[in-house]
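In terms of this note's numbering, the sequence shown is residues 3 to 333. Only one structure is covered here, and it is reproduced in the block below.
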Amino acid sequence: HRGGGDAISFMATWPGNSFWFDPIGGGAIAYRVEGRVALTTGGPFGSPGPQDGAIQGFARFCDDNGWIPVFYSVDAHYGPLFERLGWSTMTVAEETVIRPQLWATTGKKWQDVRSSINRAQRAGIRSEWTSFAALPLTASVQLSDISEQWVAEKDLPEMGFTLGGLDELRDPEVRLMLAVDEDGRIEAVTSWLPTYRNGIVVGWTLDFMRRRPDSINGVMEFLIAEAATRMKEDGIEFMSLSAAPRAHTASTAEGEKDTMDRVLGYLSSSLEPVYGFRSLLKFKQKFQPELHPLIMAYPDPVALPAIGIALVRAYLPELSVRQAAGFVRGR
């Protein structure tokens with residue numbers, strides 16, 4: 003709540019994370035240990051000041067425990083710090099960010115979004131900004147049904163790490179934007195994770211997106227637009243449409259690039275049928291977002307195979323170590 007984090011800091015509250023607390027700066031870092039790799043969930047949070055000390059302190063803590071520290075999906079502005087430490091970095095995702103205070107849907111570029119809003123309104127669909135706890139039982143049952151239909155349709159494996167599910171919707175600090183028709187039938191749902199500064203919400207990050215198979219075209223665009231309008235009214239500074247693993251690296255040697263391209267490519271292709279990241283990126287681009295690179299930082303390129311296994315197991319916890327290692331080796 004004190005802030006000092008990033009758009010995914012709230013994911014630190016999810017199951018599977020442990021915490022290291024900076025005894026000097028007062029911040030914290032969420033991490034999980036997979037094998038001998040300590041994988042962070044984003045960057046430091048809890049202290050609005052510089053985080054150099056927290057990053058170096060966490061690295062020493064990992065060394066003391068025999069772990070390889072890996073900062074995953076942290077803002078690229080930390081790049082110079084890791085460079086000074088002699089670490090390697092690579093871009094692992096791009097976060098898509100909207101500024102609600104500049105939100106407007108005028109102009110040719112916004113035609114698709116305007117059409118989706120108009121189509122939903124003609125169909126008698128309204129938006130509702132709420133929380134899971136505030137829903138009547140009939141509505142919460144509908145959300146479970148929508149999620150189950152979506153899972154069955156996609157043949158969904160068990161996911162983890164930075165990909166939330168229905169359980170994460172139940173947190174009282176998470177907000178939902180629902181698309182509801184005239185009969186009270188929920189057509190689609192998005193969930194939003196808060197980012198705080200001094201106890202005040204300054205941003206929301208998109209997490210959960212589900213729609214009924216027979217819902218009207220453009221219902222998700224309608225929900226994003228309605229969320230942006232609501233955030234503009236509430237004085238929110240940023241709206242993150244989140245990020246996803248992708249097969250792209252930067253500033254890496256060829257051998258390193260091959261290893262991590264394989265890992266990130268495997269993650270992207272494994273999750274693509276479920277989450278549709280490629281089509282999702284195209285969807286997000288309709289909202290003319292800013293693109294913010296997110297990096298992974300690690301102290302020793304020799305550890306990349308172990309880091310790859312840790313990433314695969316974090317996202318797909320049902321895989322065995324042997325299966326994860328096979329994917330990293332390209333088998």
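Heads up, the beta-carbon is just placed ideally off N, CA and C, and yes, glycines get one too.
(1) Indicate the three-state DSSP secondary structure (helix, strand or coil) for Thr207 in the structure shown.
(2) Is it buried or exposed for Asp147, if we count other Cβ within 10 angstroms and need 16 for buried?
(3) Does the stretch 165-177 come within contact of the stretch 114-129, defined as at least 3 CB pairs closer than 8 angstroms?
(4) Under 8 angstroms by Cβ, that's how I've got Asp77 and Gly45 pegged, so tell me the actual separation to the nearest angstrom.
(5) If you pair each beta-carbon of the stretch 299-316 with each one of the stretch 25-40, do three or more pairs fall below 8 angstroms?
(6) My understanding is that Thr197 touches Phe12, with C-beta atoms under 8 angstroms, so please give their C-beta distance in whole angstroms.
(7) Taking all protein chains shown into account, do 16 or more other C-beta atoms lie within 10 angstroms of the C-beta of Ser253, making it buried, or fewer, making it exposed?
(8) Are the CB atoms of Ser133 and Glu228 within a distance shorter than 8 angstroms?
(9) Let me make sure I understand the geometry here. Which of Glu292, Ala308, Val304, Ile311 has the alpha-carbon closest to that of Glu363?
(10) Any idea if Leu87 is buried or exposed, counting beta-carbon neighbours within 10 angstroms, 16 or more meaning buried?
(11) Checking the sheet assignment: what are the DSSP bridge partners for His294?
(12) When DSSP builds the beta bridges, which residues end up paired with Val35?
(13) Report all residues from its chain with a CB closer than 8 angstroms to the CB of Ala230; omit the five preceding and five following residues, and keep chain order.
(14) What is the rounded straight-line gap between the Cα of Val115 and the Cα of Glu223?
(15) Identify, in the order they occur along the chain, each residue of the same chain with its Cβ nearer than 7 angstroms to the Cβ of Arg232, setting aside the five sequence neighbours on each side.
Per the coordinate set shown:
(1) strand
(2) Here Asp147 is exposed: its Cβ has fewer than 16 other Cβ atoms, across all protein chains shown, within 10 Å.
(3) no
(4) Taking 8 angstroms as the upper bound for CB-CB distance, Asp77 and Gly45 are in contact here, some 6 angstroms apart.
(5) yes
(6) Contact holds; Cβ gap of about 7 angstroms.
(7) Because the pLDDT of Ser253 is 45, which lies under 50, any placement of that residue in the model is unreliable, and the number read from its coordinates should be weighed accordingly. By the 10 Å Cβ count, Ser253 comes out exposed.
(8) No, these two residues do not count as a Cβ contact at 8 angstroms.
(9) With the chain covering 3 to 333 only, the question about residue 363 has no answer from this structure.
(10) exposed
(11) Glu97
(12) Ala40
(13) Ile100, Pro102, Trp105, Met241, Phe289
(14) When rounded, the separation of the alpha-carbon atoms in Val115 and Glu223 is 6 angstroms.
(15) Trp131
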